[in-house]
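Colleague: Basically my numbering = 1-based index in the sequence shown + 2.
Yeah, the Cβ is synthetic: ideal placement off N, Cα and C, and Gly gets one too.
In this text, all values refer to a predicted model and were calculated from it rather than measured experimentally.
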Amino acid sequence: MTLTAALMNSLSGLRSAQTGMDVISRNVANAGTEGYTRKTAAQESVVLQGQGAGVRRLAIEREIDLRVQRELRVESAANEKLSVIDEFRQRVDAMFGRPEEEQSFASAVNRLTRSFQTLADKPESATLRRDVVDTAAALAGDLNRLSDRIQDMRLEADQGMVDGVRTINDALHNIKELNQKIGVRAQSGRSYADLADQRDHYLDKISSLMDVSYFERGSGEVVIMTGSGRPMLDVNVRELRIDGRSVITPQSLYSDDPSARGVSTISLVTEGGEVDLLANNEIRGGKLAGLIEIRDRALPELQSQLDEFAHQLATTLSVGEVTASPVTSVTSTQAGAFAGLDFDLFGSGSTDATLDLTIDGTTVQIPNFAIDNTDADSIAASIQQALDGSTAFAPGEITVSASGSDALTGALTFTDSQGRKIDGVTFTDNTAPPPNTAAPALDPSTASTTLDISSVATAGDTVSVNYAITGSSETRTVTLTAVDPPGNGEPGTFVLGQSQATTYGNIESALQSALDDVVLPAGTLTVSRTGSEITITDSDLSASTQELRGFSAATRGAADLQLTLFGDNGGDAQIAYTGRQPGETTDQRVGFAQRIAVSEALRDDPSALVRYMLDPATGELAPGGDSARPAEMVRRLSEMTLSFDSAVGMGPVETTIEGFAIEIISFQATQTAQTSDRLAYQQEITDNVARRFDSVSGVNIDDEMTELLLLERTYAASSQVLSAVQRMMDELLDAVR
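1) Which residue's Cα is closest to the Cα of Leu567: Asp606, Asn468 and Phe496?
2) Based on Cα-Cα distance, which residue from Ala108, Tyr717, Gln45 and Gly322 lies nearest to Phe669?
3) According to DSSP, is Asn370 helix, strand or coil?
4) Using alpha carbons as the reference points, say which of Ile87, Gly661, Thr428 and Arg243 lies closest to Ala675.
5) By alpha-carbon positions, which one of Val25, Pro523 and Ala61 ends up nearest to Ser193?
6) Counting only runs that start and end within the region 484-556, where is the alpha helix (DSSP H) found for 4 or more residues in a row?
7) Do you know whose CA, among Gly552, Leu141 and Ala281, lies nearest Tyr469's CA?
8) Check the DSSP bridge columns for Tyr469 and list the partner residues they point to.
9) Apart from the five residues just before and just after Ala188, which ones in its own chain have a Cβ nearer than 7 Å to its Cβ?
10) Apply the 10 Å Cβ neighbour rule to Asn370 and answer buried if 16 or more other Cβ atoms are within range, or exposed otherwise.
11) What did DSSP end up calling Asp362 once you bin it into helix, strand or coil?
12) When the Cα of Asp696 is compared with those of Glu65, Leu513 and Gln20, which residue comes out closest?
13) Can you pull the DSSP bridge partners for Thr42?
14) Determine the burial state of Phe217: buried for a count of at least 16 other Cβ atoms within 10 Å of its Cβ, exposed for fewer.
15) Report the residue from Ser248, Glu733 and Gln722 whose alpha carbon sits nearest the alpha carbon of Leu9.
16) Taking just the CA atoms, how far does Asp24 sit from Leu713?
17) Could you give the C-beta distance for Ile250 and Arg151, rounded to a whole number, given that I count them as a contact under 8 Å?
18) Taking only three categories from DSSP, how would you classify Arg638?
19) Assess, as a yes-or-no matter, whether the region 567-579 is touched by the region 476-494 under the definition of 3 or more beta carbon pairs within less than 8 Å.
20) Do Leu482 and Leu513 have their CB atoms nearer than 8 Å?
21) Would you mind sorting Ser665 into buried or exposed? The rule is 16 or more other CB atoms within 10 Å of its CB.
22) Hey, how far is the Cα of Met635 from the Cα of Thr532?
23) Glu46: which of Thr35, Thr479, Thr21 and Tyr204 sits nearest, CA to CA?
24) Would you tell me roughly how many angstroms separate the C-alpha atoms of His203 and Gln685, rounded to the nearest one?
25) Who does Arg58 pair with in a DSSP beta bridge?
26) Could you check whether Ser699 and Gly40 sit closer than 8 Å to each other, using their CB atoms as the reference points?
27) I'd like the span of the alpha helix (DSSP H) that includes Pro302, first residue to last.
28) Decide if Phe340 is buried, meaning its Cβ has at least 16 other Cβ atoms within 10 Å, or exposed.
29) Consult DSSP for Leu279 and reduce its assignment to one of helix, strand or coil.
30) Checking 8 Å against the spacing of the C-beta atoms, do Asp235 and Leu174 come in under that value?
31) Comparing C-alpha positions only, which one of Ala726, Ile667, Val738 and Ala449 sits nearest to Glu103?
32) Rounded to a whole number of angstroms, what is the C-alpha to C-alpha distance between Ala449 and Asp540?
33) What first and last residue would you give for the beta strand (DSSP E) that runs through Phe568?
34) Who are the Cβ neighbours of Ala281 in its own chain at under 7 Å, not counting the five residues just before and after it?
35) Put Asn11 into one of helix, strand or coil per three-state DSSP.
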C-alpha cells in the first residue's frame, strides 16, 4: 500500500466520521421532537480496481418499521374516534346528573309529584296551586335547557367537522409539495429522510382525523386514498368539501337526500362530481368519525328520549281513556247439510260418531258418541252431552247451539267461552261409509266490539283499533287523531265537524279507510255506526287473516280528572300538544322537549288544578276546589305504568313517568361507562403499538452517546494515521532533496 493510498483512506475515514457525527447530532437535537425518526447513515468499503480505497457513507436513512407505523395509524384513528365520543358523553353525563342528586333531571320530576301531593292535602291553597305551576315550569325549563345544550353540542360537532376537513385539505396540499421535493431528490440519489418525516407528520394528521389507506411508489411519492379506496392524493389533490351549518335543531338530521338533509355532509371532489362519504358510512375511523357518531346518532338518540319523555308527560296528564268492550269470545258455525260428504249428518242417526274440533290450530277428538237425529235441537243436545262428558273440556267450556226448524236446514254453532278461535269442525259417522272428500272450510260468524265516541270532540283526541298480526302474537295499532277543520287529508287524522254527528261520520269513514290500508285482506275489519256508537267487526275469523283485539279512544276533554298541564311553544303563540301537528307531515313530538311549556291558561288561572266540576246546586265551579285531580296527577306520574317508544334506543320500556326519567339518566350513564371502558382498552392497545414503533424509530440518548464514543475513537485513529503519513511524506521529501 502506497503512502498516497494510506493518505486517501485516512481522509475517507475522517469524512465518514464527520458524517456520522452530523447524523448523531441531529438525532440528539431532535430526541424530543414529535414525529422525528432516528436517522442512520450506513457506511461501506470503497473498492477501486479490485483494491480497497477507503470508506464512504451511504445516504442518510430513517430507522423505521413501516408495518408497525401503519398499524399505529390505524389504532390511533380508533383511539381518536373513541376519545371524541367519550368527551361528549362525559359532558352529557355531567349535564343530567345522578338520579339522587337534587339538581338532576329526575329530581325535577319528583318535585312535581311532591307538589301535587301537597296540593291534594290542601286544594284550597292558592300558594300551593302556584307552587305546582312553578314546579311544572321548572321541569319544562330543564327539558328546554337540556335540549338546547344537546343541539349546541351537535352544532359544535358539526363545526368540528368543518375544522377537520380544512386540516385534511391543508395536509393534502403540503404532502403534494413534499412529494415533488422527494421525487427530485430520489431521482438524483440524495437522501430525503427529513422530508419523509415532514410528510409523515401531515399523514399522521390526516389519519387521526379519518381512516385512510396509502402506499409509496418506487420514486418515493406517497398515494393517499380514503378507507374505502377513493383517491385523495395521486398526482393531484382531490379535496374534501363540507357544507357547514350555523344552526342545528332537533329536526336537523342527516339524509342522503340533499333537500331533506338538515346537517352538513362531507363530500370528496372527483372528476365526475362530488361523492357523499357519509351516505355509505365511508368515514369509520378518526376524529371525524367520532364527531359524526355524536352529531348524527348519539345526541339525536338522547333528544328522542327527552322528546318521548315530554310527549308521555304531556299526554299522560291530559288524556282521558274511553275503552270499548274487549273481544271475549269467537264463534264458528257449520251448516247443517255437510256439502261434499257421502252422508247427511242431519238425516240419519249414528251410534258411533266422532267429532274433531280444532281450536287455535290444535285438534281435539271426541270419539264414540251417539247422535239423535230427530231435530236440530236434539242433535245439538247430543253433541253438547258428548263435549261435557269429555276429559278434553270442562263442562260448559265449549257450548253448542242449533238454529233452523229441522235436521235438513239447521245449523250448529260452537262457542269457546275462553275466547279462543275455533278453526275447524269435522264429523265422522262411523256407522256409515267414510267420507271421500275433505271437510269443508268453516263459515265463521263475526266478532265485534262497540265504542261510544261521544266524548271525542277536541283536537288531539284519538281513536285506536288494535289487531293481531297473522302468524305471531304481535299486536299493532291504527290510531286516528282529531284535527281542527278544514284539515288537509293527512293520513292518520280525521276532521272535527261543525256538529257532533258530522264528527262521528268523519271518524267512521276515516277509520274504515285506515283499516283497509293496513289490515289484509281489505275489509277484514269493518266499521259501522249507530249514532255515537261505532262498532268494529272482524268479518273473517280464519287463521290466515289478521284479527281484531281491541278498540279504544283517548280524549282531552275537561270534564274528567285529566289536566292539560303542558302546551307547545313552537310558534308565535302556544298551541295544544297532540303528538301530531295539524297540517304538518312531521311528528309533533320531534323536538317537543325543546318547546314544552306550562299551559298558558293554567299559568293565568291555577285554580283549574283543583276546580273542574260544577256544583250541582249552583251550576258553578266549587270555590274551594277538589283534591281528586291533584291526587290523580300523582297517580299518573308515579304509579301509572306506561309503554315507552322502543325506537328511542332503549328497547321496550314499561315504567312510570318518574321511572322513565331515571331510565334515561341510567341509560346515558351506562353508555358513558361503556365508552370509557372501550377507550381505556383502545388506549392501551395504541400505547403498546406506539412503544413498539418508538423502540425502532425513537431516539435513545444512551445509544447515541455510545455511537458517538465509537466515532470519536475512529476519528482520532484516522487523524493519527493521517499525521503519520504526513511525517513519512515529509521524511521522504527531505531524503529526496
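Modeller: Judging by the given coordinates:
1) For the purposes of this step, residue 567 is taken as the residue at position 565 of the sequence shown. Leu567 has its Cα closest to that of Asp606, out of Asp606, Asn468 and Phe496.
2) The sequence position of residue 669 within the sequence shown is 667, counting from 1. Nearest of Ala108, Tyr717, Gln45 and Gly322 to Phe669, Cα basis: Ala108.
3) Translated into the one-based positions of the sequence shown, residue 370 becomes position 368. Strand at Asn370.
4) On the sequence shown, position 673 is the one that residue 675 refers to. Closest option to Ala675, judged by alpha-carbon separation, among Ile87, Gly661, Thr428 and Arg243: Ile87.
5) Mapped onto the sequence shown, residue 193 falls at position 191. Looking at the Cα atoms, Ala61 is the closest of the given residues.
6) With a minimum length of 4 residues, the continuous alpha helix (DSSP H) runs that stay inside the region 484-556 are 502-520.
7) Here residue 469 refers to the residue found at position 467 when the sequence shown is read from its first residue. Check the Cα spacing between Tyr469 and each of Gly552, Leu141 and Ala281: the tightest is with Gly552.
8) Residue 469 sits at position 467 when you count from the first residue of the sequence shown. According to DSSP, which records beta bridges pairwise, Tyr469 is partnered with Arg478 and Leu550.
9) As a working mapping, residue 188 is identified with position 186 in the sequence shown. Result list for Ala188: Tyr194, Ser221 and Gly222, in chain order.
10) For the purposes of this step, residue 370 is identified with residue 368 of the sequence shown, where counting begins at 1. Answer is exposed; the Cβ neighbour count stays below 16.
11) In the sequence shown, residue 362 corresponds to position 360, counting from 1. Looking at Asp362 - three-state DSSP - the assignment turns out to be coil, as it is neither helix nor strand.
12) Looking up residue 696 in the sequence shown gives position 694. Measuring from the Cα of Asp696, the nearest candidate turns out to be Glu65.
13) Numbered from its first residue, the sequence shown carries residue 42 at position 40. Paired residue(s): Glu63.
14) Position 215 of the sequence shown, counted from the first residue, corresponds to residue 217. Under this definition Phe217 is an exposed residue.
15) Residue 9 sits at position 7 when you count from the first residue of the sequence shown. Comparing Cα-Cα distances from Leu9 to each of Ser248, Glu733 and Gln722, the minimum goes to Gln722.
16) As a position in the sequence shown, residue 713 is number 711, starting the count at 1. As a position in the sequence shown, residue 24 is number 22, starting the count at 1. Cα-Cα distance, rounded: 11 Å.
17) Locating residue 250 in the sequence shown gives position 248, where the first residue counts as 1. Locating residue 151 in the sequence shown gives position 149, where the first residue counts as 1. With a Cβ gap of about 12 Å, Ile250 and Arg151 do not count as contacting.
18) Taking the sequence shown and counting its residues from 1, one reaches residue 638 at position 636. The answer is helix: DSSP assigns Arg638 an H, G or I state.
19) Pairwise C-beta distances place the region 476-494 out of contact with the region 567-579, as fewer than three of them are shorter than 8 Å.
20) As a position in the sequence shown, residue 482 is number 480, starting the count at 1. As a position in the sequence shown, residue 513 is number 511, starting the count at 1. Going by C-beta atoms, Leu482 is nearer than 8 Å to Leu513.
21) Residue numbering aside, residue 665 sits at position 663 when the sequence shown is read from its first letter. According to the sequence displayed, residue 665 carries Glu and not Ser. When all chains shown are included, Glu665 counts as buried.
22) What you label residue 635 is simply residue 633 of the sequence shown in a count that begins at 1. What you label residue 532 is simply residue 530 of the sequence shown in a count that begins at 1. Between Met635 and Thr532, the C-alpha separation is close to 35 Å.
23) As a working note, residue 46 is residue 44 in the sequence shown. It is Thr21.
24) Residue 203 sits at position 201 when you count from the first residue of the sequence shown. Residue 685 sits at position 683 when you count from the first residue of the sequence shown. Going from the Cα of His203 to the Cα of Gln685 covers about 20 Å.
25) One-based indexing of the sequence shown puts residue 58 at position 56. Answer is Glu46, bridged to Arg58.
26) Here residue 40 is taken as the residue at index 38 of the sequence shown, counted from 1. Here residue 699 is taken as the residue at index 697 of the sequence shown, counted from 1. Before going further, note that residue 40 is Arg rather than Gly in the sequence given. Yes, the pair counts as a contact, with Cβ atoms nearer than the cut-off.
27) Mapped onto the sequence shown, residue 302 falls at position 300. For Pro302, the enclosing alpha helix (DSSP H) has its first and last residue at Leu301 to Ser320.
28) Mapped onto the sequence shown, residue 340 falls at position 338. Residue placement at Phe340 is poorly supported in this model, since its pLDDT is 30, which falls under 50; the coordinates still yield a value, given next. With 16 or more Cβ atoms within 10 Å of its Cβ, Phe340 is classed as buried.
29) Looking up residue 279 in the sequence shown gives position 277. Coil.
30) The residue given as residue 235 occupies position 233 in the sequence shown. The residue given as residue 174 occupies position 172 in the sequence shown. The sequence as given places Leu at residue 235; Asp does not occur at that position. Their beta carbons are under 8 Å apart, which means Leu235 touches Leu174 by this criterion.
31) For the purposes of this step, residue 103 is identified with residue 101 of the sequence shown, where counting begins at 1. Ranking the options by Cα distance to Glu103, first place goes to Ile667.
32) For this step, residue 449 is matched to residue 447 along the sequence shown. For this step, residue 540 is matched to residue 538 along the sequence shown. C-alpha of Ala449 to C-alpha of Asp540: approximately 5 Å in a straight line.
33) Counting from 1 along the sequence shown, the entry for residue 568 is found at position 566. Per DSSP, Phe568 belongs to the beta strand (DSSP E) from Phe568 to Asp570.
34) Here residue 281 refers to the residue found at position 279 of the sequence shown. If we look at Ala281 and ignore the five residues flanking it on each side, its Cβ neighbours are Asp258.
35) Taking the sequence shown and counting its residues from 1, one reaches residue 11 at position 9. Correct three-state label for Asn11: helix.
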